[in-house]
Structure formats: C-alpha cells, structure tokens
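Remarks on the structure that follows.
There are 2 protein chains.
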Amino acid sequence: MALTIGEMGKATNTKIETIRYYEKIGLLPKPARTSSNYRDYGQAELGRLSFIRRSRDLGFSLDKVRALLGVSDEKSCNCAGIDRIASQHLLEVDRKIADLRALRRELKAVIDSCDGGTVAECRIIEALGPVAST
Amino acid sequence: MALTIGEMGKATNTKIETIRYYEKIGLLPKPARTSSNYRDYGQAELGRLSFIRRSRDLGFSLDKVRALLGVSDEKSCNCAGIDRIASQHLLEVDRKIADLRALRRELKAVIDSCDGGTVAECRIIEALGPVAST
DNA sequence: TATGAGGCCTGTAGCAACTACAGGGTCAAG
DNA sequence: CTTGACCCTGTAGTTGCTACAGGCCTCATA
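Residue numbers (the working numbering), protein chains in the order written: chain A, 6 to 139; chain B, 6 to 139.
Below is the structure:
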C-alpha cells in the first residue's frame with residue numbers, strides 16, 4: 006500500500022524529479038512522510054499521477070491537466086467540462102495531423118529533388134530558401 | 006540591398022528578438038553595422054534566415070538546421086548528407102502522425118464514454134487513470 | 001528647429017516541462 | 001561496518017524563443 010517515490014516512478018514511467026516537480030507546481034499534493042522524511046504515497050496519489058501522465062501522453066498541457074483534475078475533483082460537477090476540454094483537444098489533434106500531413110508532402114518533395122549528386126546540382130537548399138536573386 | 010533587422014523580420018515572418026537570438030547562438034553570422042550601430046543585412050543573410058525559418062517550419066530542430074547549414078556550406082559536398090537528415094526527419098514525421106492518430110482514437114473513446122451526466126456516471130476519469138483498486 | 005513616434009541597441013529574465021547535477025542523509029545486505 | 005542503492009533539498013541547465021528595461025537613432029511633421 007505505501008509507496009516510495011521511486012516505486013511511483015516505476016509504476017507510471019515517470020522520473021523521480023518529475024514527480025517532485027509536479028508536487029512543487031501543485032499538481033500532486035504534498036504527501037505524508039516517513040520518520041526519515043521519505044515521501045510516502047498511497048493508491049490515491051498513484052491514481053492521480055497515472056491520470057496526469059496519461060493526460061500528458063495524450064498531449065494535454067499541464068494547465069489542461071490541472072483543469073481536468075479540477076473538474077474531476079468536484080464530485081457533483083457534471084462532466085460537460087471534461088467533455089469540452091477533451092473535445093477541444095480533439096480539434097487541436099486533428100489540426101496537428103493535417104499540418105503534419107502537409108509537412109510530409111513538402112519534405113517528400115524536398116527529398117525527391119535531390120538526385121544524390123553534389124550540392125551544386127541539388128535543389129534542396131533552394132527548395133527551402135526563397136532567396137534565388139542576388 | 007541593405008536591410009534592417011526589422012525588414013529581415015518582416016520578410017521572413019520572424020521576430021526581431023528571434024533574429025538576434027539566432028545570431029547569438031551562431032546560426033546567423035554577425036552582420037555589418039551602420040555608422041549608428043544598426044545591423045546591416047544583405048541578400049545572403051536574408052537567404053540564410055529564410056532557410057532557417059523554412060526548416061524550422063518543417064519541424065527541424067535548431068541542431069538539425071545547423072547540420073543542414075553545415076552540409077550546405079561545404080560547396081563540394083554531395084547532398085547525401087542533407088538527404089539523410091531529411092529522410093530521417095520524414096520517418097519521425099510519419100511516426101508522429103501515427104501517434105497522433107492513435108491518440109485521436111483514444112480521445113474519441115474518452116469523449117464518447119461521457120454521456121453528459123455527472124462525474125459519478127462518467128468514465129472519463131477512469132479511462133485515463135489505471136487506478137481502479139483502492 | 002523641435003518633438004513625437006517609431007525603430008534600433010544591449011542585457012537580463014521569463015515561459016513550458018522537465019532534466020541534471022551537487023552535496024548530503026538513510027537503509028538493507030553481506 | 002561498509003558499500004551501494006535509494007532518498008532529500010536546492011539550484012541550474014535544456015530548447016526555442018519572447019518580453020521587458022533602459023536607452024540611442026531617425027524621420028516626418030508642426
């Protein structure tokens with residue numbers, strides 16, 4: 006039941022320093038301490054940290070994670086708040102995917118414009134810099 | 006022909022501070038100065054800055070941009086180096102797109118699991134934190 | 001000629017979200 | 001009783017900028 010910070014880290018794939026950082030910025034509560042001043046975590050903290058890490062993996066900023074936690078901390082709150090944050094994030098993800106796809110096309114064009122010869126014959130540099138005129 | 010830092014910025018959609026920052030970290034050379042100590046740029050610098058910005062837009066890190074510039078600075082070098090960097094970057098972009106798509110699926114699942122009721126009935130929190138047992 | 005708005009200068013400090021020390025205390029095994 | 005792995009605090013570094021503060025310079029207009 007009692008967990009050290011290292012065990013928390015292993016369980017959630019989080020560096021120790023990151024956990025302390027989350028505590029410092031108030032995402033994680035200050036935990037109990039053992040007699041030797043070690044942090045002493047329970048399941049609740051583990052759950053909270055899992056939630057944070059999972060949200061981070063999904064690309065939520067720490068600020069959004071804080072908002073999500075805030076919403077979920079008020080027990081009686083309806084989950085429309087969470088839904089709103091997540092839906093908005095979905096839009097951002099879609100936009101990011103579209104951007105990356107456009108970028109991919111351009112990158113491919115850049116690579117294809119290189120025939121393996123020397124820079125003098127290669128168009129990559131010009132393809133990236135709209136300089137041309139001197 | 007002569008450009009102020011502000012004109013450079015406008016031409017490449019770059020903030021003045023960013024240009025000075027590129028100079029500080031050695032991506033841009035220290036330019037000539039006017040009698041009143043203003044930076045005095047020419048077409049070569051404009052081209053270089055364009056290249057940097059374009060590469061950044063394509064998601065290359067400043068370190069990779071530096072590598073690209075290094076390769077292109079050696080006139081006789083074949084462009085295989087550039088091609089290698091760009092191809093590797095393309096792989097990263099593809100990976101990122103795949104990740105985002107997986108994320109999108111998960112986000113969608115999270116959103117769908119919310120029926121607009123209260124948190125008590127909503128599965129979003131549990132969906133994100135693998136805690137369950139207490 | 002003066003004056004006001006805008007541009008430029010240097011230098012430092014701040015942002016996110018960590019990560020990496022330095023310099024120490026603690027604990028369990030052999 | 002010592003060794004090595006863990007933990008503690010606190011500070012400074014990372015990337016790629018961005019935002020001041022405090023001060024010149026320049027140009028158009030009154």
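For every residue, glycine included, the Cβ atom is placed at its ideal position computed from N, Cα and C.
All values derive from a computational prediction rather than experimental measurement.
{"Query": "Span of the alpha helix (DSSP H) around Thr17(B)", "Result": "Ile10 to Thr17"}
{"Query": "Per-residue burial, Glu12(A) [other beta carbons within 10 Å of its own, 16 or more giving buried]", "Result": "exposed"}
{"Query": "Range covered by the alpha helix (DSSP H) that runs through Thr23(B)", "Result": "Ile21 to Lys29"}
{"Query": "Proximity below 7 Å, CB of Leu108(A) to CB of Leu63(B)", "Result": "yes"}
{"Query": "Member of Leu112(B), Ala85(B) and Ile90(B) whose CA lies at the smallest distance from the CA of His94(A)", "Result": "Leu112(B)"}
{"Query": "Helix, strand or coil at Ala107(A) according to DSSP, with G and I counted as helix", "Result": "helix"}
{"Query": "Where Ser40(A) falls, given that 16 or more other Cβ within 10 Å makes a residue buried", "Result": "exposed"}
{"Query": "Enclosing alpha helix (DSSP H) for Ser60(A) [first to last residue]", "Result": "Gln48 to Asp62"}
{"Query": "Residue-level contact to chain B via CB, Leu74(A), 7 Å cutoff", "Result": "no"}
{"Query": "Partners in chain B for Ile102(A), counting only beta-carbon separations shorter than 8 Å", "Result": "Ile102, Leu105, Arg106 and Arg109"}
{"Query": "Secondary structure of Ser81(B), DSSP reduced to three states", "Result": "Here Ser81(B) scores only 47 on pLDDT, less than 50, and its place in the model is too uncertain to base an answer on."}
{"Query": "Exposed unless 16 or more other CB atoms sit within 10 angstroms - verdict on Ile30(A)", "Result": "exposed"}
{"Query": "Contacts that Lys113(A) makes with chain B (C-beta to C-beta distance below 8 Å)", "Result": "Leu95"}
{"Query": "Other residues of its chain near Tyr46(A): CB distance less than 6 Å, five sequence neighbours each side excluded", "Result": "Leu8, Met13 and Pro36"}
{"Query": "CB contact below 7 Å: Ser41(A) versus chain B", "Result": "no"}
{"Query": "Alpha-carbon to alpha-carbon, Ala49(A) and Ala114(A)", "Result": "51 Å"}
{"Query": "Chain B residues whose Cβ lies nearer than 9 Å to that of Leu63(A)", "Result": "Leu108, Glu111, Leu112, Val115 and Leu133"}
{"Query": "Interface flag, Ser92(A) vs chain B, CB-CB below 7 Å", "Result": "yes"}
{"Query": "Same chain, Cβ closer than 7 Å to Ala72(A), neighbours up to 5 away in sequence not counted", "Result": "Ile90"}
{"Query": "Backbone secondary structure at Ala7(A) - three-state DSSP", "Result": "coil"}
{"Query": "CA-to-CA distance, Leu54(A) to Leu33(A), given in whole angstroms", "Result": "7 Å"}
{"Query": "Alpha-carbon to alpha-carbon, Tyr26(A) and Gly86(B)", "Result": "40 Å"}
{"Query": "Within 7 Å, strictly: CB atoms of Thr17(B) and Arg61(B)", "Result": "no"}
{"Query": "Classification of Asp88(A) by the beta-carbon crowding that lies within 10 angstroms, buried from 16 upward", "Result": "buried"}
{"Query": "Contact belief for Ile102(B) with Ile102(A) at Cβ below 8 Å, rounded distance in angstroms", "Result": "6 Å"}
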